[in-house]
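Take a look at the structure set out below.
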Amino acid sequence: MRQTIIGILQDFNEDADYENEQRLIDEGIIDSLDLTAIIRELEEAFSVRIDPSQLVPKNFNSVDAIMEMLRRIKGE
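For the sequence shown, my numbering gives the first residue as 1, with consecutive numbering after it.
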């Protein structure tokens, strides 16, 4: 799951340190336009639907936060 998420994020900004970065949204590494496309990619890759209520910075500020959100959605 982690490597798939990192691969998706790298399509939008390959220079970021996704293994360690904890403020992807807050620091502007991912912007709102990128986020829209990233959400589509995540939904497709993990066969989920990300509800608009999940679209808050804390769910996208790090790879770990994205993984946690996806696990909640998938009910794992």
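Note that beta-carbon positions come from the ideal geometry of N, C-alpha and C, so glycine has one too.
Among the options, which has the Cα closest to the Cα of residue i?
i	options	result
L24	N61, I38, I8, E41	N61
I38	R71, Y18, F12, R2	F12
S32	E21, L55, I5	L55
G75	V48, V63, N59	V48
From residue i to residue j, what does the alpha carbon distance come to, in whole angstroms?
i	j	result
A65	I8	15 Å
G28	L35	11 Å
Q10	I73	23 Å
D17	E41	19 Å
E21	A45	22 Å
D51	P57	14 Å
Which of the three DSSP states is assigned to residue i in this structure?
i	result
R2	helix
A65	helix
A45	helix
So, residue i versus residue j, is the Cβ gap smaller than 8 Å?
i	j	result
M69	R2	no
Comparing the C-beta of residue i with each C-beta of chain B, is any distance below 8 Å?
i	result
M69	Note that chain B does not occur in the displayed structure, where there is just one protein chain.
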